[in-house]
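K.L.:
Encoded as structure tokens, here's the structure I'll be asking about.
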Amino acid sequence: MLDEATINQLSGKFIVGTLIFIRVSALFFVGPIFSHSSVQPTVKIALSIILAIMMTTAFGSQQPSVDLHLWVLTGLAFKELLIGAALGFAMNMIFHAVRFAGGLLDFDIGFQTALLFDQNADVPTLIGELKNMITLMIFLGLNGHHFMIEAIFASIRAVPLAEFAVTESTITIIVRLVTTVTIIAIKLAAPVLLSLFIMNVSLALLSRVAPQLNIFTLSLQFKIIVGLIVLFVTMPLFFVITKSAMLTFQNEAFAVVMALNPKR
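Residue numbers for the sequence shown follow this note's numbering, beginning at 495 and rising by one.
This is the structure in structure tokens:
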């Protein structure tokens, strides 16, 4: 039979494994790729269990040095949930920026007109979905999925299981993330938006010179043609900005985790 010391050791490892599982699963449910609805919850949970087992063998000695009452364990579980979700949120910001930029372009070009008939429909915008798929390929090409696993291991080292604090620096980093998303979205959409603005001004002047022309009908066609041409001509710029932003958000993800450690 197992003695009391062995039972305590096994129960401690089980608690550590459970807390790590909560952190990993929160990342998979919020972070890029795995948070997509096409990935079944069973797949996310299975991957979380596998990673939790691997990480428990590496960090099994990080047993919380507190009295493990039910309310304490509940607080620790909630803390792990927040850390994993914060890490996944920071990693997913580049995809939010790309979808935001795509939504701006769809609205200005006119592709979003069909969606205005049902405001409650959860239908992705055309250009937003295209840019999102391209960003996903860039993410995989930069080994972003490997970075997710590395980030989880690094988060355990940076923020042990019993340590957690939301400080002023944490709030500052989160606000900076949201601001960066807006800036990157505007950068991605700026070439097309500027081209369409110039075209609209030109058509407005043309309507003053030749009022007999149906400028409104012509503008709908010209918006689509000019928008798509500029979109594909500036695609190399999209790759450069997206790659740079992705590396920035990876660094910000680590910064978010480090800011959650009260000792730093």
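Even glycine gets a Cβ: it sits at the ideal position worked out from N, Cα and C.
Given that a residue counts as buried once 16 or more other Cβ atoms are within 10 Å of its Cβ, and exposed if not, what is T711?
P.N.:
Here residue 711 is taken as the residue at index 217 of the sequence shown, counted from 1. Per the 10 Å Cβ criterion, exposed.
K.L.:
Rounded to the nearest angstrom, what separates F726 and L521 at their Cα positions?
P.N.:
The residue given as residue 726 occupies position 232 in the sequence shown. The residue given as residue 521 occupies position 27 in the sequence shown. Cα to Cα, the separation comes out at about 33 angstroms.
K.L.:
Count the CB pairs spanning the stretch 563-573 and the stretch 636-649 that are closer than 8 angstroms, and state whether there are at least three.
P.N.:
Result no; under three Cβ-Cβ pairs closer than 8 angstroms.
K.L.:
Could you check the C-alpha separation between L714 and D600 for me, to the nearest Å?
P.N.:
As a working note, residue 714 is residue 220 in the sequence shown. As a working note, residue 600 is residue 106 in the sequence shown. Rounded to whole angstroms, L714 to D600 spans 13 angstroms at the Cα level.
K.L.:
Assuming L722 and P685 are in contact, meaning their beta carbons sit under 8 angstroms apart, how far apart are those beta carbons, in whole angstroms?
P.N.:
Start at 1 with the first residue of the sequence shown, and residue 722 comes out as number 228. Start at 1 with the first residue of the sequence shown, and residue 685 comes out as number 191. That belief does not hold up - the Cβ atoms of L722 and P685 are roughly 12 angstroms apart, past 8 angstroms.
K.L.:
Would the beta-carbon of L513 fall within 9 angstroms of that of L655?
P.N.:
Stepping through the sequence shown from its first residue, residue 513 is reached at position 19. Stepping through the sequence shown from its first residue, residue 655 is reached at position 161. For L513 and L655, yes; Cβs fall inside 9 angstroms.
K.L.:
Among F605, A648 and F528, which residue has its Cα nearest to the Cα of A747?
P.N.:
Counting from one through the sequence shown, the residue named residue 747 turns up at place 253. Answer by Cα proximity: A648.
K.L.:
Is T619 helix, strand or coil when you go by DSSP?
P.N.:
Locating residue 619 in the sequence shown gives position 125, where the first residue counts as 1. Of the three classes helix, strand and coil, the one that applies to T619 here is coil, per DSSP.
K.L.:
Buried or exposed, going by whether 16 or more other CB atoms sit within 10 Å of the CB of S532?
P.N.:
Against the sequence shown, residue 532 aligns to sequence position 38. S532 is exposed by the Cβ-count criterion.
K.L.:
Here's a check: name, in chain order, each residue in its chain whose Cβ is nearer than 8 angstroms to the Cβ of L687, leaving out the five neighbours to either side.
P.N.:
Reading the sequence shown from its first residue, position 193 is the one you call residue 687. Excluding residues within five positions, the ones whose Cβ falls inside 8 angstroms are L598, L599 and D602.
K.L.:
If you reduce the DSSP assignment to three classes, tell me which class H639 lands in.
P.N.:
Here residue 639 refers to the residue found at position 145 of the sequence shown. In this structure, H639 counts as helix in the three-state DSSP scheme.
K.L.:
When you compare the stretch 568-579 with the stretch 665-678, are there three or more beta-carbon pairs, one atom per stretch, that lie closer than 8 angstroms?
P.N.:
no
K.L.:
Please classify G635 as buried or exposed, where buried requires at least 16 neighbouring CB atoms within 10 angstroms.
P.N.:
Your numbering for residue 635 matches position 141 in the sequence shown. So G635 ends up on the exposed side.
K.L.:
In this structure, does DSSP put Q715 in helix, strand or coil?
P.N.:
Within the sequence shown, residue 715 is the residue found at index 221, counting from 1. Looking at Q715 - three-state DSSP - the assignment turns out to be helix.
K.L.:
Skipping 5 residues on each side, what residues in its chain have a beta carbon closer than 6 angstroms to that of M587?
P.N.:
One-based indexing of the sequence shown puts residue 587 at position 93. Answer for M587: L671, V675 and F743, listed in chain order.
K.L.:
Indicate whether V524 and V653 have their beta-carbon atoms separated by less than 9 angstroms.
P.N.:
Here residue 524 is taken as the residue at index 30 of the sequence shown, counted from 1. Here residue 653 is taken as the residue at index 159 of the sequence shown, counted from 1. Result no, Cβ atoms of V524 and V653 do not sit closer than 9 angstroms.
K.L.:
In angstroms with no decimal places, state the Cα-to-Cα distance between K507 and F583.
P.N.:
Locating residue 507 in the sequence shown gives position 13, counting from the first residue. Locating residue 583 in the sequence shown gives position 89, counting from the first residue. Their Cα atoms are separated by approximately 28 angstroms.
K.L.:
Measuring straight from C-alpha to C-alpha, what distance separates A739 and A595?
P.N.:
Mapped onto the sequence shown, residue 739 falls at position 245. Mapped onto the sequence shown, residue 595 falls at position 101. Roughly 13 angstroms between the two C-alpha positions.
K.L.:
In terms of residues, what are the limits of the alpha helix (DSSP H) holding N745?
P.N.:
Taking the first residue of the sequence shown as 1, we reach residue 745 at position 251. Note, N745: alpha helix (DSSP H), M729 to A753.
K.L.:
If I follow the unbroken alpha helix (DSSP H) through L682, where does it start and stop?
P.N.:
Working through the sequence shown from its first residue, we reach residue 682 at position 188. Looking at the DSSP string, the run of the alpha helix (DSSP H) that includes L682 is E662 to V703.
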